[in-house]
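Here the sequence shown stands for residues 1 to 195, where the numbers follow UniProt numbering.
Each residue gets a CB set at the ideal place from its N, CA and C atoms; glycine is no exception.
Quick caveat, the model's predicted, so the values are computed rather than measured.
Just below is one structure, and these are the notes that go with it.
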Amino acid sequence: MNVFPIGHYSGLRPGEEPAHVVRVGWQQHRLSEDAFGVWVLAHGMTETGKGQWTVTDVVKQAEQAGVTKAEELLWGLAEKGAVVLVADDPTQATAFAKSHRMDVLFVGLGNTPERPDGHAVGVPGLGAAAILDPDCYELWQWGSVAPTLWHSCEVRATVTAELGQTLEPVDALGEILGDLRFLIAHGCAYLDVAA
1 MNVFPIGHYS GLRPGEEPAH VVRVGWQQHR LSEDAFGVWV LAHGMTETGK
51 GQWTVTDVVK QAEQAGVTKA EELLWGLAEK GAVVLVADDP TQATAFAKSH
101 RMDVLFVGLG NTPERPDGHA VGVPGLGAAA ILDPDCYELW QWGSVAPTLW
151 HSCEVRATVT AELGQTLEPV DALGEILGDL RFLIAHGCAY LDVAA
């Protein structure tokens, strides 16, 4: 099963039991240090690129980092809606895409002479967090305007059809999820529940 983190990090809240706060929709979830570590690892690794990031990957990385009961924590995060586990099944992936949306982080920095086909995203004056290919950049640029990920799939299918290729939204979904994986792992975007 593929793992996608849901929510936006709101910071560490001090107190008797300090907690990391992750906002999902209108709810705020207070996470322990270990649960937060698992949530961070659910974002994936930049080396993965657009490839899958699975429960096994998250648990393995968490255990290597010294987190005990990583799988239990991951399932707890799924129950809270702070991660979503998506099977390699078009029906389940479509349901995920129809119930979640993407929002962006960072700003566009343009391309470079070394990578005229790449689009830098990052912080002005500090540099690029990632260099995006044209498809990934299109999702980053326009994905937050779409009310759901499924709408982004429909747009990509429509644009592809206008270019003379046949592509259904469900076929575009695999590409969108790959682009999304890359954006999330590089910190350029986050997922939230659809309004």
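By the neighbour-count definition (other C-beta atoms within 10 Å, threshold 16), residue 27 is an exposed residue. Taking the Cα positions, residue 97 is about 5 Å away from residue 150. Separation of residue 157 and residue 100 (C-alpha to C-alpha, rounded to the nearest whole angstrom) is 18 Å. Separation of the CB atoms of residue 22 and residue 82 is rounded to 6 Å, and the pair is thereby assigned contact status at 8 Å. Note that the C-beta distance between residue 3 and residue 85 is below 7 Å. For residue 193, the enclosing beta strand (DSSP E) covers residues 189-193. Annotation: residue 6 is outside any alpha helix (DSSP H) and is labelled neither H nor E by DSSP. Rounded to the nearest angstrom, the gap between the Cα atoms of residue 128 and residue 93 is 30 Å. Inter-residue distance for residue 6 and residue 110 is about 28 Å (C-alpha atoms, whole angstroms).
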